[in-house]
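Protein sequences, first through last, are from chains S and P.
Using the numbering used here, the final residue of the first sequence is 476, and nothing's skipped along the way.
Using the numbering used here, the final residue of the second sequence is 1479, and nothing's skipped along the way.
Glycine included, each C-beta is placed from N, C-alpha and C at the ideal position.
The structure appears below as structure tokens.
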Amino acid sequence: MSDYETVIGLEVHVELATKTKIFCGCSTEFGGEPNTHTCPVCTGMPGSLPVLNRQVLEYAIAVGLATNCDITRYCKFDRKNYFYPDNPQNYQISQLYLPICRNGHVDIKTESGVEKAVRIHEIHMEEDAGKLIHDDWLDASLVDYNRSGVPLIEIVSEPDMRSAEEVIAYLEKLRMTISYLGASDCKLQEGSMRADVNLSVRKVGENEFGTRTEMKNLNSFKAIARAIAGETERQIDLIESGEKVVQETRRWDDDKECSYAMRSKEDAQDYRYFPDPDLVPVSVSDEMLDEIRAREPEFREAKIVRYAEEFGLPEKDILLITENKHLADIFEETVSCGAPAKKVSNWLMVETMRLLKENNLDPEDIRFSPAHLASLIDLTEQRTVNSTVAKEVFEDMFKTDCDPVKYVEEHGLATQNDEGALRETIQKVIADNPQSVEDYHNGKEKAIGFLVGQTMKAMQGKCDPGSVNKILKELL
Amino acid sequence: MSYITELDALSLGRAIASGEIRTTEATEEYLKSIEEQDGTYNCYVTVDGDRAMEAAKEIQARIDKGELSDSPLAGVPVAIKDNMCTEGLLTTCSSRILYNFVPTYESTAVRKLRNAGAVILGKTNMDEFAMGSTTETSYFGPTRNPADPEHVPGGSSGGSAAAVAAGECAYALGSDTGGSIRQPASYCGVVGIKPTYGTVSRYGLIAYGSSLDQIGPLTRNVSDAAAVLTAISGHDDKDSTSVDMPAKDYTQALKKDVKDIKIGIPKDYFGEGLDHEVAASVRAAADVLKAAGATVEEFDLSLVNYAIPAYYTIAAAEASSNLERFDGIKYGYRTEDFAGLHNMYKKSRSEGFGAEVKRRIMLGSFVLSSGYYDAYYLKALKVKALIKKAFDDAFAKYDIILGPVAPTTAPKLGESLSDPIKMYLGDIYTISVNLAGLPGISVPCGTSTDGLPIGVQLLADCFNEEKLLRTAFTYEQTK
């Protein structure tokens, strides 16, 4: 088996994070009752006309620039004609002849350390289709056009990948780049990022490519890895047993861990592509390119280097915080409010992550403001609240983005800084617990912990345990 | 015709504005005229009498309150070609496949007319999906020419042109993809304008050849045409091909003055196939303009014979794709018995479309198919560019090009459909205008010895509708 090399190219569809659809003003929001996010345009009604959403163009260009593509300065939309009920016009508006981006590449680094560039053949803009629902009970098929007209970009790579590991590194790189740009959330499970895998095998050292197959329905990195392994093995078995690989589209069934043929090349349709006369050609101006370039964020690689240099954070912290741009933004803004970097990182890595997980949320969903996190950190630094109280405040802040200073005030959670009152309380605790005092004097160091606890309880937690400890030792 | 239905649109509008005639009265008169005559002419697919009367009352109430005073067409009854979507009103494209289609939205041109206080009488007959030159390919039967009911009214906006000529509406909207406004205007003896591509929004116009289609007016005279064009033109955010330019009042161009106008007559337009009576009438029209002070010259336009094949390639290609949405799934005609999805598509479309539409879908699918795209479709686009260049060269020398609209007067019913190639060749003088995106107008210029109307066609460079209207107006007032 090791005499063979796997050759893989990817077609990746990414759903863009625009508020409205690519050619009409309907909402792109996921969910909603069937056919409620629709209008004459995205249901292909007669006489309706498409008008390009400029944000789609800007996102596509931003992705193209970030993946080192040439931007097509005069690009057009084409119609891809095929009959299917999820496609209301029976043609899809896409780009064939003059796609918006061409000739790019991304640099990838795999888990095992392989570094290489994967070339991008093109990126084009197109509209998504509706969703077909087969109702067995009614014995009928129903169509929901809410997704019809949701903007997509299709990123077509060259056949430059040689393993599942490289494929995953490439997809990770795309996901990170595109989500940093804010162009998409790139979730495979939810379908906002979809990958079709073109795969062939050949003997090591051969120059010609083997016959390739295209695999669809891959909705997790694990499914992709399994599908690549499965298809590689299937093709090698065919060749070894003297048979030929047939050029075809195959559907991966991740439960059964095998693929089956959907349609062969012979059944391939003639899509009769031609320029869509309803849309005017798009001219990309220098100003537009400059504006998009100027908006380009600092990407993860640069942040990783900078965080180590500027904040001296451990690698583990940096990798976690930069995993998501929103998280990194919160980190940076909190630090710029004056909070110590490591403290911020701790709050993000421990409490924030815990609450996200418990509430089944993503870092995107974080609502508390960096200024509030900074002031909470300040309260703990000033020992105005102890760590238990701080966690309580943070929980509320996570939910409601409350101002921690006000919260502490309103709930009377501030540590008692009145040493006189504290001394009085401690004296009372000492008087009430002679046994523990005796134990302490007999060398049982642990006994002081009990006395601290009693004092904290008497003070309703509003004191700093360090001070309690200090005063206790002094009075004992 | 009654006194009211004899008035042109602007005169009726003035009479309504002055209170001399009430909108309801005018609407009633037109509905009566339709009832009396449409059994003969079949101009309408749908007459929307009840709602027209309701609209007339509302508009009259607004006029009584002093509203709509800036709209010269307020209260004037209009007919709309049945390929423009009208909210809540059946829109069929004269096809079985849309026999029950009621849009939930309004085409921009119709919305603009409603805003201007128009009363919509109904939807006019046409060649199915605007494919044809005689209004005989309609699923709802042919329209007859009011000048002689044995003859066709032309097409595809034949219902609109005949309705204007017969006094079944004060004016009408048509659409022109290869001559579909100008040719029926010529055959019926009315005025028709095909505006520069991008002047009138196509939103809500059920597409035939998207890169060629334009909506325009069919009217009793040039002044009405200018007023209607003013009302329906202007940029529309819903149509990417609609040109973003300031709104224009085309009636400002209605001046009797052509002293600065240089007119070119393409020699190529007067060759074989042109009826001698038509040729004589058109030349006489040129003489009228010359006498009025215009410079008139003959010149070689070239490429005239390439326009027809280029047009039928491009229009059919676009149509084959535009008409894919009519599949019997979401609306319109669906076959009764079918076995599976593809059989349903095939049967619904086979039974829903007529012969001419099927012919063009097949032709269009062929020229776009893999292996033929370059040889046919791409080549046609190149020819289109060359034709545009030939016109650019001509308009460097002339303000207006003058010629015939069609080679003959209106043929008899049944003569054309048996020979589609002959029918296609009849479009020779009109289609290059659509390929080049130019504005064109057809103005009545005579009558043949057998009593059929003849039109003269004037063309101008893109967005020079004012020159076109001024020349047409001068001719109309002088002849």
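Alpha-carbon to alpha-carbon, I377(S) and P363(S): 20 angstroms
Closer than 8 angstroms to chain P by CB, N90(S): yes
Beta-bridge partners of I1454(P), as assigned by DSSP: G1446(P)
Rounded separation between L361(S) and C186(S) - CA only: 16 angstroms
Whole-number beta carbon distance between S1069(P) and A1017(P), since they are thought to touch under 8 angstroms: 7 angstroms
C-alpha distance - N53(S) paired with T1040(P), whole-angstrom precision: 49 angstroms
Interface flag, Y1105(P) vs chain S, CB-CB below 8 angstroms: yes
Contact list for P340(S) against chain P, beta-carbon separation under 9 angstroms: None at all; the shortest Cβ gap to chain P is about 52 angstroms.
Chain P contact for P34(S) (CB, 8 angstroms cutoff): no
Spatial neighbours of G1264(P) in its chain, beta-carbon cut-off 7 angstroms, leaving aside the 5 residues before and after: E1297, F1299, A1394, K1397, Y1398 and I1401
Residue-chain proximity (P370(S), chain P), Cβ-Cβ < 8 angstroms: no
Beta-carbon proximity of L1121(P) to S1160(P), cut-off 8 angstroms: no
Segments of 3+ residues assigned as beta strand (DSSP E) that fall wholly inside the segment 1090-1136 of chain P: 1119-1124
Limits of the alpha helix (DSSP H) - the one that R234(S) falls within: F221 to E240
Contact under 8 angstroms by Cβ, R212(S) with Q247(S): yes
Bridge partners - L1402(P), DSSP secondary structure assignment: L1458(P)
Cβ-based neighbour list, T1478(P), same chain, cut-off 6 angstroms, excluding 5 preceding and 5 following: V1288 and A1292
Beta carbon proximity, D278(S) to chain P, threshold 8 angstroms: yes
Continuous beta strand (DSSP E) stretch holding D315(S): start and end: The sequence given here has Glu at residue 315(S), not Asp. Per DSSP, E315(S) belongs to no beta strand (DSSP E); it is in the alpha helix (DSSP H), E315 to T322.
Stretch-stretch touch, CB-based, cutoff 8 angstroms, three pairs: the segment 64-75 of chain S with the segment 27-36 of chain S: no
Short Cβ contact (8 angstroms threshold) for A1225(P) with I1181(P): no
Minimum Cβ-Cβ distance from G412(S) to chain P less than 8 angstroms: no
Among V284(S), R226(S), N146(S) and L279(S), the one whose alpha carbon lies nearest that of K256(S): R226(S)
Close-in-space but distant-in-sequence residues of the same chain around V389(S) (CB under 7 angstroms, 5 per side omitted): L413 and G461
Below-8 angstroms beta-carbon distance, E1415(P) vs any chain S residue: no
C-beta neighbour in chain P for P99(S), strict 8 angstroms: no
Chain S contact residues for D1327(P), given Cβ-Cβ distances below 9 angstroms: F83, P85 and N90
Contact set between A1316(P) and chain S, taken where Cβ atoms lie within less than 8 angstroms: None at all; the shortest Cβ gap to chain S is about 12 angstroms.
Boundaries of the alpha helix (DSSP H) in which D439(S) is found, first to last residue: P434 to H441
Close-in-space but distant-in-sequence residues of the same chain around L1007(P) (CB under 8 angstroms, 5 per side omitted): A1015 and A1170
Chain S within 8 angstroms of I1206(P), Cβ atoms only: yes
Same chain, Cβ closer than 8 angstroms to V437(S), neighbours up to 5 away in sequence not counted: I430, A447, L451 and L476
K80(S) and Y91(S) closer than 8 angstroms at C-beta: yes
Proximal residues of chain P, C-beta to C-beta of T43(S) below 9 angstroms: K1330
Simplified DSSP assignment, three categories, for S346(S): In the sequence on display, residue 346(S) carries Asn and not Ser. In the structure shown, N346(S) sits in a helix (DSSP, three-state: H, G or I).
Helix, strand or coil at I133(S) [DSSP, three-state]: strand
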